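Numbering (the numbering used here), first residue to last: 5 to 145. Read through the structure below, which is laid out as structure tokens, and then see the notes.
Dropping the structure here:
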């Protein structure tokens, strides 16, 4: 194995574990208190909050667990990326438009948004896969 491959596998594992744990832990409250989470979606003006809130909560819970295991990584990361795109559209972009008035401030705050950074990491996992330290690599071995 080339050193570059080994290094990439280590970083993919770090990304998967960090992002997977973040989604899994955050989703537990959402899944166990769906009324609260649905009310959050209503406040944001999300479409069909009675449907989209529980679907989002379960995507985050199951997707986070799958990322940790490195199982179905590309599918899980794509589904989680969709939730981050929704969060950017419904929450981050309107807040930036309301709170920052110059173009440089708006752009800077967009790129600092955790949802944007998570979307980038998830896009990396969609394109690169889980790496060797994963259930996915064992399936394809």
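We put the beta carbon where it would ideally sit given N, CA and C, even for glycine. Just so we're clear, the structure is a prediction, and the values are computed from it rather than from any experiment.
Anticipated Cβ contact below 8 Å, residue 25 with residue 72, distance rounded | The residue labelled residue 25 in the question sits at position 21 within the chain shown. The residue labelled residue 72 in the question sits at position 68 within the chain shown. Confirmed, about 6 Å.
Who are the near neighbours of residue 54 in its chain, counting only those whose CB is closer than 7 Å to its CB and skipping five residues on each side?
-> Within the chain shown, numbered from 1, the residue matching residue 54 stands at position 50. Excluding sequence neighbours, residue 54 sits near 42.
Hey, is the stretch 57-75 in contact with the stretch 104-113, meaning 3+ C-beta pairs nearer than 8 Å?
-> no
Report the residue from 123, 112 and 68 whose alpha carbon sits nearest the alpha carbon of residue 85.
-> Position 81 of the chain shown, counted from the first residue, corresponds to residue 85. Of 123, 112 and 68, the residue nearest in Cα terms is 123.
Would you list, in sequence order, the uninterrupted beta strand (DSSP E) runs of no fewer than 3 residues that lie entirely inside the stretch 12-36?
-> none
First and last residue of the uninterrupted alpha helix (DSSP H) at residue 78 | Counting from 1 along the chain shown, the entry for residue 78 is found at position 74. Segment 77-91, the alpha helix (DSSP H) holding residue 78.
Taking the alpha carbon of residue 28 as the point to measure from, which residue in 40, 10 and 81 has its own alpha carbon closest?
-> The residue given as residue 28 occupies position 24 in the chain shown. That would be 81, whose Cα lies nearest to the Cα of residue 28.
Closer than 7 Å by C-beta to residue 34: which residues in its own chain qualify, once you throw out the five before and the five after it? Chain order, please.
-> For the purposes of this step, residue 34 is taken as the residue at position 30 of the chain shown. Closer than 7 Å at the Cβ level, and outside the excluded window around residue 34, lie 41, 61 and 64.
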